[in-house]
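*Asks:*
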Amino acid sequence: MVKAMKRDSKLLLSLHKLNHVFVKFAVSFLLLGLAFRLFSSDSIRISSQLETPPVSERKTESPMVSVSTQAPVSAVSPVNENHTSDNVAEKCDIFTGDWIADKSGPAYTDESCHVVESHQNCMRNGRPDSGYLFWRWRPLDCELPRFNSQRFLDLMRNKSWAFVGDSISRNHVQSLLCILSQVEQAVEVYHDEEYRSKRWHFPTHNFTLSVIWTPFLTKAAIFEDKNGVSSSEIQLYLDKLDETWTNQYKNFDYMVIAGGKWFLKTAIYHENNTIAGCHYCPGKNLTELGFDYAYRKALQLVLNFLTRHGQKAFVFFRTTTPDHFENGEWFSGGYCNRTMPFKDGEVDMRDVDRIMRDIELEEFDKGAAVGSENGVILKLLDTTRLSILRPDGHPGPYRQFQPFANDKNAKVQNDCLHWCLPGPIDSWNDLVMELLVNSEKYR
25 MVKAMKRDSK LLLSLHKLNH VFVKFAVSFL LLGLAFRLFS SDSIRISSQL
75 ETPPVSERKT ESPMVSVSTQ APVSAVSPVN ENHTSDNVAE KCDIFTGDWI
125 ADKSGPAYTD ESCHVVESHQ NCMRNGRPDS GYLFWRWRPL DCELPRFNSQ
175 RFLDLMRNKS WAFVGDSISR NHVQSLLCIL SQVEQAVEVY HDEEYRSKRW
225 HFPTHNFTLS VIWTPFLTKA AIFEDKNGVS SSEIQLYLDK LDETWTNQYK
275 NFDYMVIAGG KWFLKTAIYH ENNTIAGCHY CPGKNLTELG FDYAYRKALQ
325 LVLNFLTRHG QKAFVFFRTT TPDHFENGEW FSGGYCNRTM PFKDGEVDMR
375 DVDRIMRDIE LEEFDKGAAV GSENGVILKL LDTTRLSILR PDGHPGPYRQ
425 FQPFANDKNA KVQNDCLHWC LPGPIDSWND LVMELLVNSE KYR
């Protein structure tokens, strides 16, 4: 400050033509300006610190899960059901975030919804903890509104929707049916012989919802029983789509389509009416092409069909679903007994899931570019990263009814791939709703 005044004094002396009164006025004005600058700078800095708490204070603590039907204690307020997505930032990545405690719990229960398959009805089957029910997905940079059942059904009036894929797609559609049942109960109007593919109708809104079981999306001969025990290698045709879904595609206004874990199974690959190779087929004297080869080929065929077929559908492409088997696989004693979500950074994506998701993102980008030219809306439903954080959301041993009723140490097969209903998969529908009503904001 002293140096500044000396400089100012020299300046004032050089301006000898100015009168004495004006000199005093200039000095006073200069000093007042400097004082105001220092004061306002400090005020802004202090104000900023008061308005933005440190990260450690903003972060929601994970609640301790107990064997109880009560929600974990949390300072997080339930998201307002009437909240609209107009405030969602256009640059927000809704697939990157954290699971936060939510005392409001799920939109339905296993008692209020009657379409939950027994394998996913964890509470009825005797799962002792319920903390996994009280979490919600929150993107890092924006709020994700709750699924609005009434608005969804109004938007779907006189429309048709299909979920196309494996049993995870069936798991997903059951979640959607349960949420919608709070407004209108669906009537089942069709099922195939094995009850894998089904169709429901919402009469009040004339809305049709289907699930089509086609685990490879391409033509395949599968020799497995309902427990996944195989009597022969899968014969997979990588240049022919499964007509089970392609013959119905023209009937759908909306679709969620996905592939995934079935490509990890032993399979013989066919192309151009000949055997091209295989995946994991020792002793067959065939070229090992790998599951990644088959998965890329299948997705290229699928996306080419969707974007060039001529049907102007709204298509969601869902990415692969990670499992959470620990100390083994589903067939070798693997289990999933965690009761809390992971936080971001606490778990890495397995190599298999990373490979599959990389293929999905690469092929999706190509397909989306073609689709935009042909009037097909293709949206990415990237559920992989948010799902990997939920090891607590699987049925585990409670895929069976009361598995430890007779022997608390009984050895049972665990399900660490599918999701309890209600459970984490319900948040997938929040994402679907946001992409549906604000599709222009997301690629």
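In terms of the numbering used here, the numbers along the sequence shown are unbroken and rise by one, the last being 467. Yeah, the Cβ is synthetic: ideal placement off N, Cα and C, and Gly gets one too.
According to DSSP, residue 282 sits in a beta bridge with which residue or residues?
*Replies:* Numbered from 1 along the sequence shown, position 258 holds the residue referred to as residue 282. Residue 282 is not bridged to any residue.
*Asks:* Tell me which residues share the same chain as residue 141 and place their Cβ nearer than 7 Å to its Cβ, disregarding the 5 neighbours each side in the sequence.
*Replies:* Counted from its first residue, the sequence shown places residue 141 at position 117. Excluding sequence neighbours, residue 141 sits near 198.
*Asks:* Is residue 293 near residue 262, with beta carbons less than 7 Å apart?
*Replies:* For the purposes of this step, residue 293 is taken as residue 269 along the sequence shown, with counting starting at 1. For the purposes of this step, residue 262 is taken as residue 238 along the sequence shown, with counting starting at 1. Against a cut-off of 7 Å, the Cβ pair of residue 262 and residue 293 comes out as a contact.
*Asks:* Work out the CA separation of residue 384 and residue 373 for me, nearest whole Å.
*Replies:* Position 349 of the sequence shown holds residue 373. Position 360 of the sequence shown holds residue 384. The straight-line gap from Cα to Cα measures roughly 15 Å.
*Asks:* For a test of the three-state rule: what should DSSP assign to residue 302, helix, strand or coil?
*Replies:* Along the sequence shown, one-based indexing puts residue 302 at 278. Strand at residue 302.
*Asks:* State the start and end residues of the unbroken alpha helix (DSSP H) segment that holds residue 269.
*Replies:* For the purposes of this step, residue 269 is taken as the residue at position 245 of the sequence shown. Counting along the chain, the alpha helix (DSSP H) containing residue 269 begins and ends at 267-270.
*Asks:* Is it the case that the segment 420-440 contacts the segment 353-368, given that we only count it when at least three CB pairs across the two stretches are under 8 Å?
*Replies:* As far as the Cβ criterion goes, the segment 353-368 touches the segment 420-440, which means the pair count is three or higher.
*Asks:* Quick check on this structure: which residue in 391, 278, 217, 164 has the alpha carbon closest to the alpha carbon of residue 320?
*Replies:* Reading the sequence shown from its first residue, position 296 is the one you call residue 320. Answer by Cα proximity: 391.
*Asks:* In its own chain, which residues sit with a C-beta less than 6 Å from the C-beta of residue 448, not counting the 5 before and 5 after it?
*Replies:* Position 424 of the sequence shown, counted from the first residue, corresponds to residue 448. Answer for residue 448: 414, 417, listed in chain order.
*Asks:* Pick from 222, 266, 181, 313: whose alpha carbon is nearest that of residue 195?
*Replies:* Walking along the sequence shown from the start, residue 195 turns up at place 171. Closest option to residue 195, Cα to Cα, is 222.
*Asks:* Please determine if the segment 156-166 and the segment 120-127 are in contact, where contact requires at least 3 C-beta pairs separated by less than 8 Å.
*Replies:* Contact holds: three or more Cβ-Cβ distances are below 8 Å.
*Asks:* Bridge partners for residue 259 per DSSP, in chain order?
*Replies:* Working through the sequence shown from its first residue, we reach residue 259 at position 235. According to DSSP, residue 259 bridges with 245, 292.
*Asks:* Mind checking whether residue 186 and residue 276 have CB atoms under 7 Å apart?
*Replies:* One-based indexing of the sequence shown puts residue 186 at position 162. One-based indexing of the sequence shown puts residue 276 at position 252. For residue 186 and residue 276, yes; Cβs fall inside 7 Å.
*Asks:* Pull up the CB-CB distance for residue 343 and residue 400, whole angstroms please, since I reckon it's below 8 Å.
*Replies:* Here residue 343 refers to the residue found at position 319 when the sequence shown is read from its first residue. Here residue 400 refers to the residue found at position 376 when the sequence shown is read from its first residue. Actually they do not touch by this definition, with Cβ atoms about 19 Å apart.
*Asks:* Let me know the secondary structure DSSP gives residue 395 once reduced to three states.
*Replies:* By one-based count along the sequence shown, residue 395 stands at place 371. Looking at residue 395 - three-state DSSP - the assignment turns out to be helix.
*Asks:* Roughly how many whole angstroms lie between the Cα atoms of residue 206 and residue 349?
*Replies:* In the sequence shown, counting from the first residue as 1, residue 206 sits at position 182. In the sequence shown, counting from the first residue as 1, residue 349 sits at position 325. Taking the straight line joining both Cα atoms gives about 33 Å.
*Asks:* Does DSSP put residue 223 in a helix, a strand or coil?
*Replies:* Translated into positions along the sequence shown, residue 223 becomes position 199. Note: residue 223 maps to strand in three-state DSSP.
*Asks:* Could you please give the first and the last residue of the uninterrupted alpha helix (DSSP H) stretch that includes residue 317?
*Replies:* Taking the sequence shown and counting its residues from 1, one reaches residue 317 at position 293. Counting along the chain, the alpha helix (DSSP H) containing residue 317 begins and ends at 315-332.
*Asks:* Does DSSP put residue 465 in a helix, a strand or coil?
*Replies:* For the purposes of this step, residue 465 is identified with residue 441 of the sequence shown, where counting begins at 1. The answer is helix: DSSP assigns residue 465 an H, G or I state.
*Asks:* Can you give me the Cβ contacts of residue 172 inside the same chain, cut-off strictly under 6 Å, excluding the 5 residues immediately before and after it?
*Replies:* Numbered from 1 along the sequence shown, position 148 holds the residue referred to as residue 172. Nothing meets the Cβ criterion.
*Asks:* Between the Cα of residue 202 and those of 450, 184, 422, 458, spot the shortest distance and give me the residue it belongs to.
*Replies:* If you number the sequence shown from 1, residue 202 lands on position 178. It is 450 whose Cα lies nearest to the Cα of residue 202.
*Asks:* Taking only three categories from DSSP, how would you classify residue 378?
*Replies:* Sequence index remark: in the sequence shown, residue 378 carries index 354 (1-based). Note: residue 378 maps to helix in three-state DSSP.
*Asks:* Under 8 Å by Cβ, that's how I've got residue 441 and residue 118 pegged, so tell me the actual separation to the nearest angstrom.
*Replies:* Here residue 441 refers to the residue found at position 417 of the sequence shown. Here residue 118 refers to the residue found at position 94 of the sequence shown. Actually they are not in contact, since the Cβ atoms of residue 441 and residue 118 sit about 24 Å apart, beyond 8 Å.
*Asks:* Contact check, residue 184 vs residue 232 under 8 Å by CB: the rounded distance?
*Replies:* As a first step, residue 184 must be located in the sequence shown, where it is residue number 160. As a first step, residue 232 must be located in the sequence shown, where it is residue number 208. 4 Å between Cβ atoms; contact.
*Asks:* Using C-beta distances below 8 Å, list every residue in its chain close to residue 190, excluding the 5 sequence neighbours before and after it, in chain order.
*Replies:* Counting from 1 along the sequence shown, the entry for residue 190 is found at position 166. 237, 238, 239, 282, 283, 284, 285, 286.
*Asks:* Thinking just about the alpha-carbon of each residue, which of 339, 422, 250 is nearest to the one in residue 217?
*Replies:* By one-based count along the sequence shown, residue 217 stands at place 193. Taking only the C-alpha atoms, the option nearest residue 217 is 250.
*Asks:* Taking the alpha carbon of residue 131 as the point to measure from, which residue in 204, 149, 333 has its own alpha carbon closest?
*Replies:* As a working note, residue 131 is residue 107 in the sequence shown. Considering only alpha carbons, the answer is 204.
*Asks:* Comparing alpha-carbon positions, which option in 339, 433, 314 lies nearest residue 395?
*Replies:* Taking the first residue of the sequence shown as 1, we reach residue 395 at position 371. If we check each option's Cα against that of residue 395, 339 comes out closest.
*Asks:* To the nearest angstrom, report how far apart residue 278 and residue 272 are at their CA atoms.
*Replies:* Within the sequence shown, numbered from 1, the residue matching residue 278 stands at position 254. Within the sequence shown, numbered from 1, the residue matching residue 272 stands at position 248. If you take the alpha carbons of residue 278 and residue 272, they lie about 12 Å apart.
*Asks:* Going by alpha carbons, who is nearest to residue 406 out of 366, 427, 452?
*Replies:* Within the sequence shown, the letter at position 382 stands for residue 406. Comparing Cα-Cα distances from residue 406 to each of 366, 427, 452, the minimum goes to 452.
*Asks:* From this set, 116, 212, 208, which residue's C-alpha is nearest residue 165's C-alpha?
*Replies:* Taking the first residue of the sequence shown as 1, we reach residue 165 at position 141. It is 116 whose Cα lies nearest to the Cα of residue 165.
*Asks:* Since I believe residue 288 is in contact with residue 329 (beta carbons under 8 Å), could you give me their beta-carbon distance rounded to a whole number of angstroms?
*Replies:* Residue numbering aside, residue 329 sits at position 305 when the sequence shown is read from its first letter. Residue numbering aside, residue 288 sits at position 264 when the sequence shown is read from its first letter. Actually they are not in contact, since the Cβ atoms of residue 329 and residue 288 sit about 23 Å apart, beyond 8 Å.
*Asks:* Under 7 Å, do residue 230 and residue 422 count as touching if we go by C-beta distance?
*Replies:* The sequence position of residue 230 within the sequence shown is 206, counting from 1. The sequence position of residue 422 within the sequence shown is 398, counting from 1. Not closer than 7 Å, so no.
*Asks:* Report, in whole angstroms, the separation of the C-beta atoms of residue 322 and residue 241, which I expect to be a contact under 8 Å.
*Replies:* In the sequence shown, the residue the question calls residue 322 occupies position 298. In the sequence shown, the residue the question calls residue 241 occupies position 217. About 6 Å separates the two Cβ atoms, so the contact holds.
*Asks:* With DSSP run on the structure shown, which of helix, strand or coil describes residue 274?
*Replies:* The residue labelled residue 274 in the question sits at position 250 within the sequence shown. In the structure shown, residue 274 sits in a helix (DSSP, three-state: H, G or I).
*Asks:* Just reading off the beta strand (DSSP E) that residue 233 is part of, what are its end residues?
*Replies:* For the purposes of this step, residue 233 is identified with residue 209 of the sequence shown, where counting begins at 1. Where residue 233 is concerned, the enclosing beta strand (DSSP E) stretches over 231-237.
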